[in-house]
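Colleague: Quick one: this structure, given as structure tokens, is what I'll be asking you about.
Protein chains in written order, with our numbering: chain A, 1 to 484; chain B, 1001 to 1484.
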């Protein structure tokens, strides 16, 4: 393996500050997260990327189930007639769906689309299975892939097919549905903070940016290292709009026919793009220990010397027994090459052990996120010490990301300042908007400054009384930014 | 809930021996495993069916990983040109694939099909990522759904879209690849025996029945209660045919360019159909404890009486602490209705607890697979006693299935006897076949007796020297049967 990989190592990755986009692509390729496929815009998620997604899947799935959600598996196809039932929804999605028009040798009488999202399928199922308020709420989720025919794509960030979970719930009352909508937004925000070490802004999308068919859309927005925003998870409140369109009814407590109130919420593989762009550096990927497929990589030094390999394996056994995800790198390659390899793959902690360390009853450790090498006593305290270091790495990554977020939020109360910040300062811009029903003011900001509204934050004081564009009475404080 | 569900209960399910097909459909519906969808032949896998599939997924996935396999996620689409690269493969699958011809508003220049299976996608990926013998073997697997445009469909048994895992591996030598092929067949057979309580016949498919593009296909065949066969898992050896077609090469140990040898193997949601048809009875589903989403259902009797609910919950807590999957049925409904409900859903063990049981420090238990009610002491030995009962149920189900299999295997050495058995005795028929390159003899048996060859068994002595059809020298002992 050594020779081949060494060659690969010779190609440096593009420095982050020279070309952020190329740096991102280099990491996806060299950390072996994903590969391009024969289908434009569709990616192959390779074992390392898949292991990362499985950790995300397992953590979220466990949380969903704690909250009473059940998984289902819906068909991947939607008949055109079903997609057309909710007007706003079909208008939003029809332009970007893939159409199946032939099955085997026969032309289909009605074209069917590959699901871009599954509200219509869930509603169709609810309409057949829900009868009484006693059947409510239905708290469903599914893990699957969906397809949106994208013009320009990038691995994880925007792909024609992407993998996600989509939760779909229906409830007796609007209040319950809204509670669920916000509860799941919190689940996403907490997950990003606690597992991914990514701080997010929580808020509501403006009417212009809300989900096709939703009454209101809530979002968590993360800031990438380059100051751009990544919408990292969304939760939608539908009221009873879909229920009416799909004739989902139930007998309420007064035995009257009523329409249930609905939510949906999703997080996708694009969150892997966020992990890369929030934590990564010029040496490659940097993974938060809580989510890393490999938390500790043990590299034997002078591994040909007697006892070194055994000592490395014994180390690994101790850590594994303590529930740490650890690997011993026994490949034929120089320690230096292995160091670079594990750095490229973002392994949070590297441990080296060689003859002298064995004599001294210690091992050498290096945190992926920086700092000098340090020694760890190789005794009964080993596992605890390593866990402590991993916890430190996790909080250090979060602190750094939070610092990056907070230091790139600006305010503007006039258009000139707004444009100047948008041109010269990467990050988010806070500004006031009027009621803005037809979105003119929002459109104007995109036109003159190339930014989109990210959210109306849950927290944040007004910074002016008037709309930054039209000067009319201000309604909301809004975060703007360039976005992936 | 009571009233509504009681209504549902009033509809009896069709007795198994009156109409096996209708009985099957009734169980799928009333045990709430799956629902029909708006797309012909596509099913909605409901929460209970999904929980069952998740248990199957988790058990198999853990075993695959123990054996060094890694999960990946391939695109769901295959360009027509890629599907066409391996001649036999495309001939086998082209007639039954769904074609996407439009993306968004644009007509595609090249139609793409929704994967019916992913050999072509894996080969395409291997051709880009494998270079040296040091990169081998690649032991990949993926969990996904695939689409085959079926004319007649039935939930789980044959659906246009079905869920499965597909393993795809490439190896340095033919020997290694064949070893892998047979290893994975054993993984399936052991899984069926140990987790699903389903005995299977292991063997090789005849040339006529092998997978499109494979050198040889191996299969496990289970016998349903009605004597019909269900192909429950297959493992294929491809030699280097696909490698050559897709130009997958590697530098071997002599630094010569070589073609790797390939396998693929899969098990799908149709195995849920096998669980239903092997173990189910006239009261509904019967689930083996090892795979059951709920292993024990606790039904409080006279639950309005003081202390009963608390006692039931305490029982559940004890069992849960011992790692048993348990639920307390606290719904507003009569115990009798709840008994029927949990029987319909195949819960292996029901435990009742009422005021008198509490006084006596016991609870009443009933095994789903039959026998009288019995008492279990509600003391420190409770969890152990329950585990013991669950183990018994698991082996009783296996013993019953094995008895059904063994008592429905027949032999024929002449065509008349063969036809007579095929017409009058449900089950498998053993017969000798000649070399039979063009499959005429095999075709003949299908024509005259309506059966297909299931497999050439790994174990089994010849029962004659001549082919049962043409009288030429016999080559193989073959199992025949009607199949799902």
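The beta-carbon is built from N, C-alpha and C at its ideal position, and this holds for glycine as well.
Can you list, in chain order, the residues of its chain with a C-beta nearer than 7 Å to that of residue 1014 of chain B? Leave out the 5 residues immediately preceding and following it.
Modeller: So the qualifying residues of the chain are 1022, 1023, 1026.
Colleague: With residue 1260 of chain B and residue 1170 of chain B assumed to form a contact (beta carbons below 8 Å), what rounded beta-carbon distance in angstroms separates them?
Modeller: With a Cβ gap of about 4 Å, residue 1260 of chain B and residue 1170 of chain B count as contacting.
Colleague: Among the candidates B:1412, B:1273, B:1201, B:1293, whose CA atom is the shortest distance from the CA of residue 1186 of chain B?
Modeller: Checking every option, the nearest Cα to that of residue 1186 of chain B belongs to B:1201.
Colleague: Here's a check: name, in chain order, each residue in its chain whose Cβ is nearer than 8 Å to the Cβ of residue 1010 of chain B, leaving out the five neighbours to either side.
Modeller: Confidence is the limiting factor: at residue 1010 of chain B the pLDDT is only 44, short of 50, which leaves the residue's position unreliable, though a coordinate-based value still follows. Around residue 1010 of chain B: no qualifying Cβ.
Colleague: Taking just the CA atoms, how far does residue 154 of chain A sit from residue 165 of chain A?
Modeller: Cα to Cα, residue 165 of chain A sits roughly 20 Å from residue 154 of chain A.
Colleague: Would you say residue 71 of chain A reaches chain B, if we count a Cβ-Cβ gap shorter than 8 Å as a contact?
Modeller: Taking Cβ atoms only, chain B reaches closer than 8 Å to residue 71 of chain A, which makes this a yes.
Colleague: Helix or strand or just coil, what does DSSP make of residue 309 of chain A?
Modeller: If DSSP states are grouped into helix, strand and coil, residue 309 of chain A belongs with the helices.
Colleague: Ordered along the chain, which non-local residues of its own chain (more than five positions away) have a Cβ less than 8 Å from that of residue 1193 of chain B?
Modeller: Around residue 1193 of chain B: 1199, 1200, 1398.
Colleague: Measure from the alpha carbon of residue 1134 of chain B to the alpha carbon of each residue in A:331, A:439, A:81, A:108, then state which is nearest.
Modeller: It is A:331 whose Cα lies nearest to the Cα of residue 1134 of chain B.
Colleague: Figure out for me which residue from A:85, A:36, A:408 has the closest Cα to the Cα of residue 213 of chain A.
Modeller: It is A:85.
Colleague: Please confirm whether residue 1466 of chain B and residue 1432 of chain B have their CB atoms less than 8 Å apart.
Modeller: Taking 8 Å as the Cβ cut-off, residue 1466 of chain B and residue 1432 of chain B qualify as a contacting pair.
Colleague: Quick check: what's the CA-CA separation for residue 1016 of chain B versus residue 1151 of chain B?
Modeller: Each residue's Cα considered, the two are about 25 Å apart.
Colleague: Would you mind stating whether residue 1136 of chain B and residue 1130 of chain B have Cβ atoms separated by less than 8 Å?
Modeller: Yes, they are a contact pair.
Colleague: So if DSSP puts residue 281 of chain A in a beta bridge, which residue, or which two residues, is it bridged to?
Modeller: The partner list for residue 281 of chain A (beta bridge, DSSP) reads A:284.
Colleague: Report the neighbours of residue 176 of chain A on chain B: residues whose CB is nearer than 9 Å to its CB, in chain order.
Modeller: Simply none; closest approach about 18 Å.
Colleague: Would you say residue 1055 of chain B and residue 1291 of chain B are within 8 Å of each other, going by their C-beta atoms?
Modeller: Taking 8 Å as the Cβ cut-off, residue 1055 of chain B and residue 1291 of chain B qualify as a contacting pair.
Colleague: I'd like the ranges of any alpha helix (DSSP H) spanning at least 4 consecutive residues and lying wholly in the segment 1226-1302 of chain B.
Modeller: The segment 1226-1302 of chain B contains these whole alpha helix (DSSP H) runs: 1241-1245, 1270-1279.
Colleague: Tell me the rounded alpha-carbon separation between residue 298 of chain A and residue 50 of chain A.
Modeller: Spanning the two alpha carbons is a distance of roughly 22 Å.
Colleague: Among the residues of its own chain, which have a CB less than 6 Å from the CB of residue 454 of chain A, if the five just before and after it don't count?
Modeller: Excluding residues within five positions, the ones whose Cβ falls inside 6 Å are 221, 229, 479, 481.
Colleague: Measure the C-alpha to C-alpha separation of residue 1370 of chain B and residue 1289 of chain B and round it to an integer number of angstroms.
Modeller: Their backbone Cα atoms lie some 14 Å apart in a straight line.
Colleague: List the whole-angstrom C-beta distance separating residue 1357 of chain B from residue 1363 of chain B, where the pair is believed to meet the contact cut-off of C-beta under 8 Å.
Modeller: The pair is a contact, with the Cβ atoms about 5 Å apart (cut-off 8 Å).
Colleague: Are the segment 1256-1276 of chain B and the segment 1233-1241 of chain B touching, with three or more C-beta to C-beta distances below 8 Å?
Modeller: Contact holds: three or more Cβ-Cβ distances are below 8 Å.
Colleague: Taking Cβ-Cβ distances shorter than 9 Å, what residues in chain A pair up with residue 1271 of chain B?
Modeller: Near residue 1271 of chain B there are no residues of chain A at all, since even the closest Cβ is about 15 Å away, more than 9 Å.
Colleague: Indicate whether residue 401 of chain A and residue 278 of chain A have their beta-carbon atoms separated by less than 8 Å.
Modeller: Closer than 8 Å, so yes.
Colleague: Quick check for students: name the residue ranges of the alpha helix (DSSP H) that lie wholly in the segment 35-73 of chain A, counting only runs of 4 or more.
Modeller: Within the segment 35-73 of chain A, the complete alpha helix (DSSP H) runs of at least 4 residues are 47-66.
Colleague: Quick one: give me the first and last residue of the beta strand (DSSP E) that residue 1476 of chain B is part of.
Modeller: Where residue 1476 of chain B is concerned, the enclosing beta strand (DSSP E) stretches over 1476-1481.
Colleague: Can at least three beta-carbon pairs, one atom from the segment 380-394 of chain A and one from the segment 315-334 of chain A, be found at a separation below 8 Å?
Modeller: Touching, per the Cβ criterion.
Colleague: Report the rounded CA-to-CA distance for residue 1003 of chain B versus residue 1337 of chain B, giving the unit in angstroms.
Modeller: Any answer about residue 1003 of chain B is weak, because its pLDDT of 41 lies below 50 and its placement is not dependable; what the coordinates show is given next. Each residue's Cα considered, the two are about 10 Å apart.
Colleague: Could you tell me whether the Cβ of residue 1077 of chain B comes closer than 8 Å to any Cβ of chain A?
Modeller: Residue 1077 of chain B counts as touching chain A.
Colleague: So does the segment 77-94 of chain A actually touch the segment 1034-1042 of chain B, counting three or more Cβ pairs closer than 8 Å?
Modeller: They touch, by the three-pair rule.
Colleague: Just to make sure I have the definition right: I need the residues of chain A whose C-beta is within less than 7 Å of the C-beta of residue 1103 of chain B. Which are they?
Modeller: Simply 98, 149.
Colleague: Who are residue 1411 of chain B's beta bridge partners in DSSP?
Modeller: Residue 1411 of chain B is bridged to B:1430.
Colleague: Where does residue 375 of chain A land, buried or exposed, given buried means 16+ other C-beta within 10 angstroms?
Modeller: Exposed, since its Cβ has fewer than 16 Cβ neighbours within 10 Å.
Colleague: Answer with yes or no whether the minimum CB distance from residue 1074 of chain B to chain A is below 8 Å.
Modeller: Answer yes: the Cβ-Cβ gap between residue 1074 of chain B and chain A drops below 8 Å somewhere.
Colleague: Taking 8 Å as the cut-off, decide whether the C-beta atoms of residue 1203 of chain B and residue 1457 of chain B are in contact.
Modeller: Going by C-beta atoms, residue 1203 of chain B is nearer than 8 Å to residue 1457 of chain B.
Colleague: Since residue 1095 of chain B sits in a beta bridge, which residues does DSSP pair it with?
Modeller: Paired residue(s): none; residue 1095 of chain B is not in a bridge.
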